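To start, the structure itself, in structure tokens.
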Amino acid sequence: MPVVEISREQIASRNRFGELRRDFARHCGLFGQYFSQYAKMRMEYRGDFIVSTLTSFAATIFGLLFVFILFNKAKQLANWTFAEELFLYGFSLLPYGMFNIISLNLYDFGNEYIIEGKFDRVMLRPVSTLFQILFEQFRLESMQEIVTGIGAMWIANHYYLHLHWTAGKLLLLVFWGTCAGIIYVSVFLLLTTVSFWFEDRIGVHPPVWNVIAFGRYPLSIYSGAVQFFLCWIIPFGLASFYPSVRLLGRGVTPQYLPFVPVVAAGFLALALFMWKLGTRHYSSTGS
Numbered sequence: 002m003p004v005v006e007i008s009r010e011q012i013a014s015r016n017r018f019g020e021l022r023r024d025f026a027r028h029c030g031l032f033g034q035y036f037s038q039y040a041k042m043r044m045e046y047r048g049d050f051i052v053s054t055l056t057s058f059a060a061t062i063f064g065l066l067f068v069f070i071l072f073n074k075a076k077q078l079a080n081w082t083f084a085e086e087l088f089l090y091g092f093s094l095l096p097y098g099m100f101n102i103i104s105l106n107l108y109d110f111g112n113e114y115i116i117e118g119k120f121d122r123v124m125l126r127p128v129s130t131l132f133q134i135l136f137e138q139f140r141l142e143s144m145q146e147i148v149t150g151i152g153a154m155w156i157a158n159h160y161y162l163h164l165h166w167t168a169g170k171l172l173l174l175v176f177w178g179t180c181a182g183i184i185y186v187s188v189f190l191l192l193t194t195v196s197f198w199f200e201d202r203i204g205v206h207p208p209v210w211n212v213i214a215f216g217r218y219p220l221s222i223y224s225g226a227v228q229f230f231l232c233w234i235i236p237f238g239l240a241s242f243y244p245s246v247r248l249l250g251r252g253v254t255p256q257y258l259p260f261v262p263v264v265a266a267g268f269l270a271l272a273l274f275m276w277k278l279g280t281r282h283y284s285s286t287g288s
């Protein structure tokens, strides 16, 4: 039998791949433990969880009611019908819900981890600091936003649009929803890294949080400057509008849909780079 020689580079490559696979499996297991333990803790106070979920659901419903009121006054909004806007609004809730579930520690990072010194504890553990920050707590009540978003899309399609759905189209829905979720998380992770250099209890999240609502409506209703801002600076509009346009089968010019995964990857890479840079810059509270 012929002898197959394996170079040192091939051996090293296989070893790195094996390490990455084991590391990925380890973190998946840790994620499961984090989530199950936090869910058990939240369920110990079921009344509080139910009230929080109902409050979150009420806020989501009020947003949808605004859409009903808006289209009760005007039959179309920049050539978008009520059903199409309901579909867009529902799609925008998917990444928003994904982000909200894991955003709790990002929003309070400057106050809880930098000023209060809890980041020292995080850095001592043999697990990625970002992994710990994202998954130590969950906003479980925000799962209703994903459910409500799917419900709004279903109502718009079943009663008004009658779109033809295939397995491929459903996979695209999941893909673009995931890309949009990555954009949401990456933007706020970038804002979170500011706390490594500028200690502030409130942080810079609140004004950007308000921009999320702009991505729930057709970009064509805004001026060119606002559209540019919502596509390339704070790309919440890019994340929700162009995937919705594609799923609805509408045409739009220019068509930026291919840039959605590119922007998601770019913002994620930039956010991860800034996080690593921030952790190197971090110095303990010294207390």
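Under my numbering, the letters of the sequence shown match residues 2 to 288, in that order. Even glycine gets a Cβ: it sits at the ideal position worked out from N, Cα and C. Just so we're clear, the structure is a prediction, and the values are computed from it rather than from any experiment.
Open item on the list: Checking 9 Å against the spacing of the C-beta atoms, do Gly91 and Ala181 come in under that value?
Closed with: no
Task: Contacting residues, own chain, Cβ-Cβ under 8 Å from Arg247 (five flanking each side not counted) - done: Leu173, Trp177 and Leu258
Open item on the list: For the alpha helix (DSSP H) containing Tyr108, name the first residue and the last one.
Closed with: Leu105 to Tyr108
Open item on the list: Please report the straight-line C-alpha distance between Phe215 and Arg17, rounded to a whole angstrom.
Closed with: 43 Å
Open item on the list: Let's test the definition: count the other Cβ atoms within 10 Å of the Cβ of His206 and tell me whether it reaches 16, buried, or not, exposed.
Closed with: buried
Task: Unbroken stretches of the beta strand (DSSP E), 3 residues or longer, contained in the stretch 64-91 - done: none
- [ ] Sort Ile103, Gly225, Val212 and Cys29 by Cα distance to Ile235 and report the nearest one.
- [x] Val212
Open item on the list: I need the straight-line Cα distance from Ile103 to Ser53, nearest angstrom please.
Closed with: 16 Å
Open item on the list: I need the DSSP call for Phe202, collapsed to helix, strand or coil.
Closed with: Before going on, a small fix: residue 202 reads as Arg here, not Phe. Coil, per DSSP.
Task: Beta-carbon contacts of Val195 that lie in its chain and below 6 Å, excluding the five residues immediately before and after - done: Val205
TODO: Mind the definition here: the stretch 152-168 touches the stretch 129-139 only if three or more C-beta pairs lie below 8 Å; say whether that holds.
DONE: no
Task: Exposure label - Val188; buried when at least 16 CB within 10 Å - done: buried
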